[in-house]
Amino acid sequence: MNKLIRYMGVIGGMLLFSACYNNQKDITVPTASSLKTVSFRDDIVPILVSGACGCHNNGSTRALQFSLKDTVYYGVILARSGVFADMIAGKDHPGEGGIYFSPSQSAIIKTWVSQGAKDNYVPPAITGPVTYTTNIVPIYKTVCKGSACHGGLGPTLDYAKMAADKADLSKMMASSGSSGHKGGSLSLDGTTTATFLAWIAQGLPQ
1171 MNKLIRYMGV IGGMLLFSAC YNNQKDITVP TASSLKTVSF RDDIVPILVS
1221 GACGCHNNGS TRALQFSLKD TVYYGVILAR SGVFADMIAG KDHPGEGGIY
1271 FSPSQSAIIK TWVSQGAKDN YVPPAITGPV TYTTNIVPIY KTVCKGSACH
1321 GGLGPTLDYA KMAADKADLS KMMASSGSSG HKGGSLSLDG TTTATFLAWI
1371 AQGLPQ
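As structure tokens, then:
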């Protein structure tokens, strides 16, 4: 009997506590004050390297890599800010399957995009020679290529095409991707833009 009384007391306490919970707001949705400044590295990257974006973080050859083991491809994520903006606006995931962000994730991404979708990381200055083969090609393969980008729906680029588009390339890198890109605005990380600008300044060596 004593056990039954104790058990009923616990259940009653739980019901009483739940009845007192009057928070009408989803506690996982950030408040306006917490979204005054959204950090790309601290707030956006954790969303994109987990959860709904798992296909981009498992070594799959079918998906653009956002991260793999302990490596995060910041430039790849940043260059797709327009895709994330479209998704939180109700457009479909560009790949297979219906992928959706949670209300909290959508709020964070929406605010980040409204703030210019910038990277808060300032890379060290580029020193030494920068060449197309050693420095530019790896960036192109990770940041620019994809089924909906260059090499897919967009044109495949090589040295000759990049050199011919030097003026647009310079404009794009100087603006972190907000202008100069024929396929629309991009957000490019500081390492990418600094590398390209150094390569251009050195005369586009191969």
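Residue numbers (the working numbering): 1171 to 1376.
Every residue gets a Cβ at the ideal spot worked out from N, C-alpha and C, and that includes glycine.
It should be emphasised that the depicted structure is a prediction, and the values quoted were computed from it without experimental measurement.
Inter-residue spacing [alpha-carbon to alpha-carbon] between residue i and residue j
{"i": "A1364", "j": "A1295", "result": "8 Å"}
{"i": "I1370", "j": "A1255", "result": "31 Å"}
{"i": "K1288", "j": "L1358", "result": "8 Å"}
{"i": "K1331", "j": "G1347", "result": "18 Å"}
{"i": "S1349", "j": "D1335", "result": "13 Å"}
{"i": "I1306", "j": "I1278", "result": "31 Å"}
{"i": "F1271", "j": "Y1310", "result": "28 Å"}
Residue range of the unbroken alpha helix (DSSP H) whose run includes residue i
{"i": "V1215", "result": "V1215 to L1218"}
{"i": "I1306", "result": "Careful: I1306 lies outside any alpha helix (DSSP H) and carries neither H nor E."}
Beta carbon of residue i nearer than 8 Å to that of residue j
{"i": "F1236", "j": "L1248", "result": "no"}
{"i": "M1343", "j": "L1327", "result": "no"}
{"i": "P1264", "j": "V1246", "result": "no"}
{"i": "G1321", "j": "G1353", "result": "no"}
{"i": "V1283", "j": "S1317", "result": "no"}
{"i": "T1362", "j": "V1313", "result": "yes"}
{"i": "A1333", "j": "L1374", "result": "yes"}
{"i": "T1281", "j": "L1339", "result": "no"}
Same chain, Cβ closer than 8 Å to residue i, five either side skipped, listed in chain order
{"i": "V1242", "result": "V1215, V1219 and F1236"}
{"i": "N1290", "result": "S1209, F1210, R1211 and D1212"}
{"i": "V1292", "result": "G1360"}
Counterpart residues of residue i in DSSP-defined beta bridges
{"i": "L1238", "result": "T1241"}
{"i": "H1351", "result": "Beta-bridge pairing links H1351 to no other residue."}
Sequence-distant residues of the same chain with beta carbon closer than 6 Å to residue i, five excluded per side
{"i": "I1197", "result": "Here the model assigns I1197 a pLDDT of 39, short of 50, so the residue's position is not dependable, and the following value carries that caveat. Closer than 6 Å at Cβ, skipping near neighbours: no residue."}
{"i": "L1356", "result": "A1249 and G1347"}
Chain-order list of residues whose beta-carbon lies under 7 Å from that of residue i (same chain, five-residue window excluded)
{"i": "C1225", "result": "A1233"}
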